[in-house]
Structures are given as C-alpha cells and as structure tokens.
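A quick write-up on the structure given underneath.
2 protein chains.
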Amino acid sequence: MAMSDLQTDGTELVVLSVLAQGPQYGYAISKRVAALSDGAWSIGAGQLYPLLSKLEKAKLVSASWDEVKAEGRDEGDAGGGRRRKWYRLTAKGRQRLDQRIEAHRRATAVLERFIGGADVDAHGGVA
Amino acid sequence: MAMSDLQTDGTELVVLSVLAQGPQYGYAISKRVAALSDGAWSIGAGQLYPLLSKLEKAKLVSASWDEVKAEGRDEGDAGGGRRRKWYRLTAKGRQRLDQRIEAHRRATAVLERFIGGADVDAHGGVA
DNA sequence: TGTCGATATATCTGCATCCGATATATCTAT
DNA sequence: ATAGATATATCGGATGCAGATATATCGACA
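As you go down the protein sequences, you meet chains U and E in turn. Sequential numbering of the first sequence, starting at 23, is according to our numbering. Sequential numbering of the second sequence, starting at 23, is according to our numbering.
The following block contains the structure:
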C-alpha cells in the first residue's frame, strides 16, 4: 500500500458521506458540500458527474430520474430546474464508506506521527 | 479552493516532516517513512527523487553531496553505498511545512463534519 | 572470484484524477 | 425578453502516482 491512502479520492469519501444522510441529486450534493464546508470546498460539475457515474457502475449507489410535474407544482418547494437524477447509497456503498472512513482515520493517525515529530523544533541548521 | 486540499501532495508533507527532524539523504527518507508508518506507507524512488528535485528548485530544501571516503571508513557506520545526496530543510521549507500542517488540520476538521453525519445511521432505505 | 542482495540516485511512461471550459436545457424573476 | 440560477453531462490540459528501467557501489557468502 502506497502513500496514496492519504488522498485516494477524498471526493468519493465526501460524496458518499453526503449520500449516507439520505438520497440526493447531483446539484444538491455539490451545494451541500459547499454549505457543510463553509465554502471551503467545492465540487465542480466536471468532477461530480463522472464520479457519480463511476459509483453507479460500481453499484455503490443506485440512481433514478424523478417524475417531473410539468405544471401543477402546488407544493411549496421553491426548487429549481427539472430532470433531477436521484442517487441513494446501496448496502455495498455503505460498506465502502465505512472502509474509507476507517482508512482515513488510520492514515490520519499515522500522519500525526510524522507531524508530531516535525512540530517540535528539533532541527539543527537552517540554510 | 477546491476539494483537493484533502490531498494536494500528501507526500510532500511527509517528506518535509521527515526533513524537519534533521538532514537526510533520499534513500534514508524512504526507509524512515516505511519505519515510522510500520510499513503501511512507502515512497518509491520514482516518486521521491522527482519530488526532492522539485523541492530543491523551489528552495524549500538545500542539497549537497557528501564526501566519499573511498577507503578508510574507520567509523562504525555499517552503512551502504556511497554517493549520498543530503537534503536539509530551509527556512522557507519550514514555513511551507507549517502551512501544510495547518491546511491538513483544517481539512481534517471539515471532513469530520461530513463523516460525523455519516457515522450516525441516519439514512432511510438502502437499495 | 563471482554472484547476489541491499544501498543509492535518477528518468521514463502509462494511468488516473482534478477541474476549468464547454454544451444543452429548464425554470424563476425582473 | 433577458438574465441568472438550476440541472446534467462531456472534453481536454495539467498534474501526480507508482511501476519499470538504468546505472553504480558495497558487503556477504560460497
């Protein structure tokens, strides 16, 4: 296992986490990421949709287009455009998420060993 | 700022951390990473040397070849091959390391918000 | 003496990912 | 009518990862 545990698709972990809180459609996912991170993170469309496709092919999520009420729309949702594709986590996706969370915690713990050593001002000469 | 804060060269952070504990040459750095991570991580030569070159060009580290004692070698070092290139952290490199550490801590804190939500079994149907 | 494995540095290259740009279309508000 | 937000999707340049390859020295063992 190479160093890449630190990174290997951090986006996947975040998207899977959002989906663990309930079904969402793509655009809402990107908004949720921005909101939960206070604008610090953003997932662009060019990254999100390929990722969702990949997750769908891997059966980590299942997807379905919603019924479009062309007119009507009596409900109070001020919501936007139609043609929404909803994604929900599969059991397999939930397992993957748990794996990724555990891998992340392990990687963070290991990294702390490196950082901990570096935090202390323990070096001699600085050129 | 995109999601890539989570990753953006985790290798650089690790190498800089190792160098913060004192000057090292390339091969020793890769061994130290393996040792400190209990073999969980490894930095291949194909990744390490280009990175060290990059860090040197960016003046984050300074490098110098050691004097080779062709014969002699009275000291007790059982050490291996010659032609060692030693790297040491510069002041600029130390600053970069501190930045990277802080960025990592921020990113980890944000990620915990996502994971924290996902940790709780708070989703409805699993397909 | 001869060969093997470890030490040591370095480049090349295939693959995947990141993410800005582009395309299309609908809905809301002014 | 026009602009901006909503919504999905693909393309392509830039970058990074990591295995393969190349070269050379040193210690150990038969």
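For every residue, glycine included, the Cβ atom is placed at its ideal position computed from N, Cα and C.
| query | Is there a Cβ from chain E that is less than 8 angstroms from the Cβ of U/I137? | reply | yes
| request: With DSSP as the reference, label E/K81 as helix, strand or coil. | output: coil
| What is the DSSP secondary structure of U/S52, reduced to helix, strand or coil? | helix
| query | Mapping DSSP to helix, strand and coil, what is U/S59? | reply | coil
| field | Identified DSSP bridge partners for U/R110 | value | U/S84
| request: Return helix, strand or coil for U/Q46, following the three-state DSSP convention. | output: strand
| query | Roughly how many angstroms separate the alpha carbons of E/G138 and E/S86, rounded to a whole number? | reply | 47 angstroms
| field | Alpha carbon of U/K107 to alpha carbon of E/K53, nearest angstrom | value | 48 angstroms
| query | For a contact meaning CB atoms closer than 8 angstroms, what does U/Q121 contact in chain E? | reply | None at all; the shortest Cβ gap to chain E is about 12 angstroms.
| request: Assign E/G139 to one of three DSSP states: helix, strand, or coil. | output: helix
| request: Check each residue of the stretch 46–61 of chain U: if its Cβ is closer than 7 angstroms to any Cβ of chain E, include it; give the result in chain order. | output: L58, S59
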